[in-house]
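Here's the structure, in structure tokens; my notes come after.
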Amino acid sequence: MKIIKLSKSIVGQKEKEALAKVIDNSYLGMGSFVKDFEEKIKGYLGAKNVVCVNSGTAALHLALMALGLKPGDEVLVQSLTFVASFQAITAAGLKPIACEILPETCAIDLKDAKKKITKKTKVIMPVHYASRVGNLDEIYAFAEKNNLRIVEDAAHAFGGTYKGKKVGSFGDVVCFSFDGIKNITCGEGGAIVTADEEVAKFAMDARLLGVHKDTEKRYSGQRSWEFDVHHQGYRYHMSNLFAAIGLAQLERLENEFKPARQKIARRYNSLLEGMGNIVLFKDNYTDTVPHIFPVRILNGRRDNVREKLIAEGVECGIHYCPSHLLSYFGAKRGELPVTEKVYGELLSLPLHPEITESDQSLIVEIIKKALK
């Protein structure tokens, strides 16, 4: 039986050649390749500062730490997100305040968020679920009105645009992920993008155990032997190996990965449109570069469809178990009824650049049979 993968790393000869350059260069840790990758991302986005780290979670953690908040300060965040969002908040000594989503987009519901603001609320973390950014203008206006910093969890959204501007080219602090199945991959990796010089400086030191200005040494193939440390740091830096993969992937994004993902998503919509018991998210796949393709399957039929797909060799996913339902974050069922209802309907269909039209036709035919 052919297995159709839900997600997949798309790497090949270009990535092999990039890794060979690092090996020939003899230094595998953080160095000139990381600097080059950061500069290429800055050029691609038109961003002021880019700090690469070893995961999207590390990016979120350091971004929050860089804001100079007090332990116990609160972060508004939608519950429908990967647990990494919540873990990054608690790792920074902060408290995640779980908010409802808008069912049409799975973006944070600002009306619900407004009800949960206290004197300790300092940050809002909009999660760009399935690569869609929601209404960023409203989110930034909400933050300004309530004197909040914004850390965008843009793990899904690299390569996308909002009103003609690339995600990450504007805003407060934006965090990307480059793990194995994202829009571009480094194998593992992430980035903090910001115009805030203090945030960038903090993150540069903090990713290298807090060693002050060690980044400058690393870029030139050296390291600091006599140094100072001004704040808590972590082993979060990106390696030359990861950066080399990222450089090759970035070259492939616009002409290969982006159009392939958008074409697959558009075709899913055309094949599934009008089918009973399925709700499609109304995305603009000129602006959005989809990392995942979730649909809502209504009337308690989601699990049956899932079972039929798996039985026919089609992997599918559920993005995600709401974090407020997890034991570590309270496990309070009934607290966010909209989120919990949508969670029970979500099913993600296979999406990566190697999905073929025949794969999609098979997937849709299985769904049709399962819903009869």
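When you line the sequence shown up against the working numbering, it's residues 374 to 745, in that order. Ideal Cβ positions, reconstructed from N, Cα and C, are used throughout, including at glycine. Quantities reported herein were computed from a predicted structural model and do not represent experimental measurements.
*Classify I497 as buried or exposed, calling it buried when 16 or more other Cβ atoms lie within 10 Å of its own Cβ.*
On the sequence shown, position 124 is the one that residue 497 refers to. Buried, since its Cβ has 16 or more Cβ neighbours within 10 Å.
*Of the residues S504, D397, Q605 and E570, which one's Cα is nearest the Cα of R580?*
Walking along the sequence shown from the start, residue 580 turns up at place 207. Minimum Cα-Cα distance from R580 among the listed residues S504, D397, Q605 and E570 corresponds to Q605.
*With a cut-off of 8 Å on the beta carbons, I'd call V424 and A573 a contact; round off their distance for me.*
Looking up residue 424 in the sequence shown gives position 51. Looking up residue 573 in the sequence shown gives position 200. That belief holds up - the Cβ atoms of V424 and A573 are roughly 6 Å apart, short of 8 Å.
*Taking all protein chains shown into account, do 16 or more other C-beta atoms lie within 10 angstroms of the C-beta of H603, making it buried, or fewer, making it exposed?*
Taking the first residue of the sequence shown as 1, we reach residue 603 at position 230. H603 comes out exposed.
*asked:* Taking 7 Å as the limit between beta carbons, can you name the residues of its chain near G583, skipping five residues before and five after?
replied: For the purposes of this step, residue 583 is taken as the residue at position 210 of the sequence shown. Contacts found: V602, H603, H604, Q605 and G606.
*Counterpart residues of A480 in DSSP-defined beta bridges*: Position 107 of the sequence shown, counted from the first residue, corresponds to residue 480. DSSP, once it has assigned bridges, lists L475 as partnering A480.
*From S550, N556, D545 and I554, residue whose alpha carbon lies closest to that of D569*: Walking along the sequence shown from the start, residue 569 turns up at place 196. Checked all of S550, N556, D545 and I554; the closest Cα to D569 is D545.
*Where do the ends of the beta strand (DSSP E) carrying D526 lie?*
In the sequence shown, the residue the question calls residue 526 occupies position 153. Here the beta strand (DSSP E) through D526 covers R522 to D526.
*Selection from G402, V662 and K468 that minimises the alpha carbon distance to T491*: The count along the sequence shown starts at 1 and reaches residue 491 at position 118. Ranked by Cα distance from T491, the first of G402, V662 and K468 is K468.
_S405, DSSP secondary structure in three states_ = Position 32 of the sequence shown, counted from the first residue, corresponds to residue 405. Three-state result, S405: helix.
*Excluding sequence positions up to five away, which residues of its chain have a Cβ less than 7 Å from the Cβ of L401?*
Here residue 401 refers to the residue found at position 28 of the sequence shown. Counting only residues of its own chain and dropping the five nearest sequence neighbours on each side, L401 has a CB closer than 7 Å to the CB of V395, S612, N613 and L614.
_Selection from K631, I462, G532 and L509 that minimises the alpha carbon distance to Y701_ = As a position in the sequence shown, residue 701 is number 328, starting the count at 1. Scanning K631, I462, G532 and L509 for the CA closest to the CA of Y701 turns up I462.
*Could you tell me whether the Cβ atoms of K381 and I637 are closer together than 8 Å?*
In the sequence shown, residue 381 corresponds to position 8, counting from 1. In the sequence shown, residue 637 corresponds to position 264, counting from 1. Contact: no.
*asked:* For a quick check, are the C-beta atoms of I565 and A432 less than 8 Å apart?
replied: Counted from its first residue, the sequence shown places residue 565 at position 192. Counted from its first residue, the sequence shown places residue 432 at position 59. Going by C-beta atoms, I565 is nearer than 8 Å to A432.
*Return the first residue and the last residue of the alpha helix (DSSP H) that K495 is part of.*
On the sequence shown, residue 495 is found 122 positions in, with the first residue counted as 1. Annotation for K495: no alpha helix (DSSP H) segment contains it, though the beta strand (DSSP E) segment containing it runs T494 to M498.
*Going by the beta-carbon positions, is the gap between L343 and F410 smaller than 8 Å?*
In the structure displayed, the chain extends from 374 to 745; residue 343 sits before or after that span and is not available.
*Inspect the beta-carbon positions of V668 and Q635 and report whether they are closer than 8 Å.*
Here the question's residue 668 lines up with position 295 in the sequence shown. Here the question's residue 635 lines up with position 262 in the sequence shown. At least 8 Å separates the beta-carbon of V668 from that of Q635.
*Taking three-plus beta-carbon pairs below 8 Å as touching, is the region 470-487 in contact with the region 533-541?*
At 8 Å Cβ cutoff, the stretches do not touch.
*asked:* Which of the three DSSP states is assigned to Q451 in this structure?
replied: Counting from one through the sequence shown, the residue named residue 451 turns up at place 78. It is a strand residue.
*Sub-8 Å separation of P723 and I736 beta-carbons*: The count along the sequence shown starts at 1 and reaches residue 723 at position 350. The count along the sequence shown starts at 1 and reaches residue 736 at position 363. Their beta carbons are under 8 Å apart, which means P723 touches I736 by this criterion.
*D676, buried or exposed, once every other Cβ within 10 Å from all chains shown has been counted against 16*: Here residue 676 corresponds to residue number 303 of the sequence shown, with the count starting at 1. So D676 counts as exposed.
*Excluding the five sequence neighbours on either side, which residues of its own chain have a C-beta within less than 8 Å of the C-beta of C548, listed in chain order?*
Your numbering for residue 548 matches position 175 in the sequence shown. Taken in chain order, the residues that qualify are G429, A432, L433, A436, V524, E525, D526, A527, A528, G563, A564, I565 and V566.
_Extent of the continuous alpha helix (DSSP H) to which G429 belongs_ = If you number the sequence shown from 1, residue 429 lands on position 56. From DSSP, the alpha helix (DSSP H) with G429 extends over G429 to M438.
*Determine the extent of the beta strand (DSSP E) in which I376 is found, giving its start and end residues.*
Along the sequence shown, one-based indexing puts residue 376 at 3. No beta strand (DSSP E) contains I376, which DSSP labels as neither H nor E.
*On the three-pair Cβ rule with 8 Å, is the region 447-458 touching the region 705-725?*
The region 447-458, when compared against the region 705-725, does touch it at the 8 Å Cβ threshold.
_Assigned secondary structure, I490 (DSSP; H/G/I helix, E/B strand, else coil)_ = Within the sequence shown, the letter at position 117 stands for residue 490. If DSSP states are grouped into helix, strand and coil, I490 belongs with coil.
*Out of N556, K518, E561 and I474, which has the shortest C-alpha to C-alpha gap to P632?*
As a first step, residue 632 is located in the sequence shown; it is residue number 259 there, counting from the start. The option with the nearest alpha carbon to P632 is N556.
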